[in-house]
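Colleague: Quick one: the structure is below, questions incoming.
Residue numbers (my numbering), protein chains in the order written: chain A, -6 to 653; chain B, 54 to 312; chain C, 3 to 101.
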């Protein structure tokens, strides 16, 4: 397919050498000009299903699934046409319409279709469509199935808008759109007050982050007068470090909110209240990685501010350990997976904060994680499906024999997240650990060790989850008699994702200059060989990682397969209890934010009732007295009102005359 | 500056107009107010003609006095007369405030007018009598169908809307089936009120119009026998005069029989 | 006689119209007051047209008449509707617009 025309097109296009920085985008043509369909198709689905109401009950879910696949096909075609072009021509820009035109500020709505956004598009549409298919089975008996699919489509549309937007403001629209969809879907079973509260919690925590993003956009507007990526990237080269640091930190706040990073991570665990396909799609594979996308997309800003970069790395390191520790103590299967997601996104953040050495690995891990974590969530959903929607792993055990497909697919995901060669996680996570060790001074040691230890803990808690669920003795509750394997609509997506968990890493990551690296090269403009060497030899790091992983998995095997797992959680030591309570994150939030707020309001109320109310009551009585008289003016007679009007006219005319 | 003829006309017509306009505030009956208004409008038409706006003057008389005022009178007839015709003020202070503000408005506008000077009058002679023929009407027509044609088209839409609006407002939806004569009588019997129908107006030897109430057996006039509108207009003929004469004759007869 | 006399006459008529609106309770007479105010402005328009030596003022006065005619039609229909509902043409009887 690489015909001469493509080759010639490369010379005709704008000349930009790889390694000299990001290339400028060319105007979209051909299939790329139809990239707006990416967003339009699922948005249309959501509109039809929501507006059509009950009439679409019968065919709605199927339609939504088809439209999602349609979006995937469009994305695939765009990628194929993009791959056919030379590096310099890959990034395309599609102008959609003139959006905001105020004074000197002109902003067009458009799509930026470059290798980075298309990598996301493929992940979102492919995994999203698979999860649509899965949901056909999972939500089969739910009375509100149509609404569920409408929200799913809405989410896919918003997420695609987020990753293909060509300006921060349009990205913000998508950003809020996914937040809305997430809120709708977490609270999908909102007849349960706890779930509704969880949805609100997620929404409010996200608001904090969204505020950061909006402030960052405002700073950009103030600094550069533009908010589109191209202008901001260009402006960042000459901006003052202070402004870049401010922008970077506020962008990071936004990313922390959306990606459940420290200190805004508390909502993710509760977000598991939503249906499991939602947890898989939104809270594992796509939406929560939007923060990583934001940081990587804003690399020009972060590269200009080492402080902001360092904070990103710190946040990533803290979160990856935090999530891993929490994951060790959770007995709720989905919450353990959520903690794991948090931890893995911590890895991505860490990589994204490392600078050019880490961008590709952050995206790489994001893609592989999207596959294996979504696969594991779907597996968890399948388990719940067979076990009367229970989530307590202490009452599982021995499911390997009754749910063979689920067990097998879950195992692929498990091996992938552990980083066992040649599964996907090995290719991406180990690279991040290796990249974390690159640098000078104390940083490589601190961050590298954090990433390394995190890998060991990850191995422990994921093995714990796997063993407790599928191996050991049956500890089922009395009402479970014959757990069954899920229907094909559910198992096929799981198998596809499991297949991805096995091979995706090798496909994208094999070789000296990996496929993904050369694909993303036009975006970041990284010259090969500038990465530097880790402070410890790469082979030693690989060995250390594998040893730690084996140790973690072995410990889990000893404790949860060889030993008997108690059906009721033992009291545990202080660390376990802390981890069970999310390391007291909610308590910290309460103590640091809510309590002082309450005290503040109480003291304010006190001052108010004693000090101000005395004066205010007197004033109030005065006002009441005055208004009782004033209200007589409003007597309902039109003629009185006309009198007032005329009085106004006379007074104004008189005033004008006097002024002259 | 204008000619003496126009000045004389202005002062006579202007004075009359102000007096007639004041009638709007002071006369009691709405019909009289309408007549005052019509008078003001006709005079205005004449003023327009004096001001070299012949077309507008004629339209003023035709449309305003001829059509609009007739519409007013027509509605007046439909609505009838009620206590709202009274010029006794019911809202406290409204009358004084109204006078003060009206006077204030006039004073303020006078002051404003006094502080400006109109530019030199160009007059409409040239425009109304162009060298290539035509006159005031042609001039107005050129503007209406030229420069202002869009506004003109819009007014047509406005008029149609207003007509439809008036029809909608005046239309009364009948909520129930119209009662037939048979149903009316059945209802009267069922409710046991006015079983024989309302009493007819009185019939006297010397007066049998609808404004004369019938007399009840005890000799008092029956309110029910005359139209409510006539009662509220105070236009009911009292039967007392006839009644009194009749009673005098009866008394005489009784006196005679007693003798 | 200066043309400003016409304007003075127009202001007097306008003020009388305003007072009529304020003081009369019969909705129809109130309406006549409104018409009087419109006519007063028309007189001013016609006079200004003469001052400026163009016919635009007259055309605008014509449009004012058209609008006034439309207004009369709708207004009288409203009066009829109120009369039907309240059995009274008094503007004070429609006084629900209060606390």
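Glycine included, C-beta positions come from ideal geometry on N, C-alpha and C.
Keep in mind the model is a prediction, meaning the values are calculated, not measured.
According to DSSP, which residues form a beta bridge with residue 20/A?
Modeller: According to DSSP, residue 20/A bridges with 86/A.
Colleague: Helix or strand or just coil, what does DSSP make of residue 409/A?
Modeller: Correct three-state label for residue 409/A: helix.
Colleague: Where does residue 261/B sit, in a helix, a strand or coil, going by DSSP?
Modeller: Residue 261/B: coil per DSSP, three-state reduction.
Colleague: The beta strand (DSSP E) spanning residue 60/C covers which residue range?
Modeller: Run containing residue 60/C: none in the beta strand (DSSP E); it sits in the alpha helix (DSSP H), 58 to 88.
Colleague: So what's residue 285/B in DSSP terms, helix, strand or just coil?
Modeller: Helix at residue 285/B.
Colleague: I'd like to check one pair, residue 479/A with residue 399/A: are the Cβ atoms closer than 8 Å?
Modeller: Closer than 8 Å, so yes.
Colleague: If you run the structure through DSSP and keep just helix, strand and coil, what is residue 356/A?
Modeller: Residue 356/A: helix per DSSP, three-state reduction.
Colleague: Suppose you measure from the CA of residue 95/C to the CA of residue 88/C; what does that come to, to the nearest Å?
Modeller: Those two C-alpha atoms are separated by around 7 Å.
Colleague: Is it buried or exposed for residue 276/B, if we count other Cβ within 10 angstroms and need 16 for buried?
Modeller: Exposed.
Colleague: Using only the alpha-carbon positions, how far apart do residue 352/A and residue 563/A sit?
Modeller: The straight-line gap from Cα to Cα measures roughly 42 Å.
Colleague: Report yes if the CB atom of residue 453/A is closer than 8 Å to the CB atom of residue 545/A, and no otherwise.
Modeller: Yes. Within cutoff.
Colleague: Can you give the beta carbon distance from residue 464/A to residue 393/A, rounded, assuming they're within the 8 Å contact cut?
Modeller: Right, their Cβ atoms sit about 6 Å apart.
Colleague: Quick one: Cα of residue 166/A to Cα of residue 151/A, how far?
Modeller: Roughly 8 Å between the two C-alpha positions.
Colleague: Run through the segment 322 to 400 of chain A for me and flag every whole alpha helix (DSSP H) of 4 or more residues, listed as ranges in chain order.
Modeller: List check, alpha helix (DSSP H) in window: 326 to 346, 349 to 379.
Colleague: For residue 100/A, report the span of its alpha helix (DSSP H) as first-last.
Modeller: Careful: residue 100/A lies outside any alpha helix (DSSP H), inside the beta strand (DSSP E) at 98 to 106.
Colleague: Compare the C-beta of residue 313/B with all C-beta atoms of chain A and state if any pair is closer than 8 Å.
Modeller: Lying before the first or after the last residue shown, residue 313/B is absent from chain B, which here runs from 54 to 312.
Colleague: Is it true that the segment 53 to 72 of chain A meets the segment 117 to 132 of chain A, where meeting means three or more beta-carbon pairs spaced less than 8 Å apart?
Modeller: The segment 53 to 72 of chain A, when compared against the segment 117 to 132 of chain A, does touch it at the 8 Å Cβ threshold.
Colleague: Could you name the residues of chain C that residue 187/B contacts, counting a contact when the two beta carbons are closer than 8 Å?
Modeller: Near residue 187/B there are no residues of chain C at all, since even the closest Cβ is about 11 Å away, more than 8 Å.
Colleague: Going along the chain, which residues of its own chain have a beta-carbon closer than 7 Å to the beta-carbon of residue 455/A, five neighbours each way excluded?
Modeller: These residues qualify, in order along the chain: 333, 407, 410, 411.
Colleague: Can you tell me which residues form a DSSP beta bridge with residue 160/A?
Modeller: 221/A.
Colleague: For residue 1/C, return the contacting residues in chain B, with the cut-off set at a CB-CB distance below 8 Å.
Modeller: This structure cannot speak to residue 1/C, because chain C is shown only from 3 to 101.
Colleague: Along the chain, where does the alpha helix (DSSP H) containing residue 456/A start, and where does it finish?
Modeller: Note, residue 456/A: alpha helix (DSSP H), 436 to 463.
Colleague: Give the list of continuous alpha helix (DSSP H) stretches no shorter than 4 residues that lie fully inside the segment 233 to 258 of chain B.
Modeller: You should have 234 to 244.
Colleague: Looking only at its chain, what residues have a beta carbon closer than 8 Å to the beta carbon of residue 84/B, apart from the 5 residues adjacent to it on each side?
Modeller: Only 126, 129 meet the Cβ criterion.
Colleague: Using the beta-carbon of each residue, which ones in chain A are nearer than 7 Å to residue 36/C?
Modeller: None at all; the shortest Cβ gap to chain A is about 10 Å.
Colleague: Counting along the chain, where does the alpha helix (DSSP H) carrying residue 532/A start and finish?
Modeller: Per DSSP, residue 532/A belongs to the alpha helix (DSSP H) from 531 to 550.
Colleague: Count the CB pairs spanning the segment 621 to 628 of chain A and the segment 66 to 82 of chain B that are closer than 8 Å, and state whether there are at least three.
Modeller: With a cut-off of 8 Å, the segment 66 to 82 of chain B and the segment 621 to 628 of chain A do not count as touching, because too few Cβ pairs lie within range.
Colleague: Any C-beta of chain C within less than 7 Å: which residues of the segment 625 to 639 of chain A qualify?
Modeller: Answer in chain order: 627, 628, 629, 630, 631, 632, 635, 636, 639.
Colleague: How many angstroms separate the CA atom of residue 16/A from the CA atom of residue 203/A?
Modeller: Confidence at residue 16/A is low in this model, with a pLDDT of 45, below 50, so its placement is unreliable and the value that follows should be read with caution. Cα-Cα distance, rounded: 29 Å.
Colleague: What does residue 70/B reach in chain C if we use C-beta pairs closer than 8 Å?
Modeller: Within chain C, the residues near residue 70/B are 11, 15.
Colleague: For residue 94/A, which beta-bridge partners are listed by DSSP?
Modeller: DSSP, once it has assigned bridges, lists 99/A as partnering residue 94/A.
Colleague: Take residue -5/A and list the residues in its own chain whose beta-carbon comes closer than 6 Å to its own, dropping the five residues that flank it on each side.
Modeller: Model confidence at residue -5/A stands at a pLDDT of 39, short of 50, so the residue's coordinates are unreliable; what they give is reported in the following sentence. Taken in chain order, the list of residues that qualify is empty.
Colleague: On the DSSP letters alone, give me the boundaries of the alpha helix (DSSP H) that residue 58/A sits inside.
Modeller: Counting along the chain, the alpha helix (DSSP H) containing residue 58/A begins and ends at 53 to 76.
Colleague: Helix, strand or coil: how does DSSP classify residue 4/C here?
Modeller: Coil at residue 4/C, not helix or strand.
Colleague: Let me see if you follow: with CB-CB separation under 8 Å, is residue 280/B close to chain A or not?
Modeller: Answer no: the Cβ-Cβ gap between residue 280/B and chain A never drops below 8 Å.
Colleague: So for residue 596/A, helix, strand or coil by DSSP?
Modeller: Helix, per DSSP.
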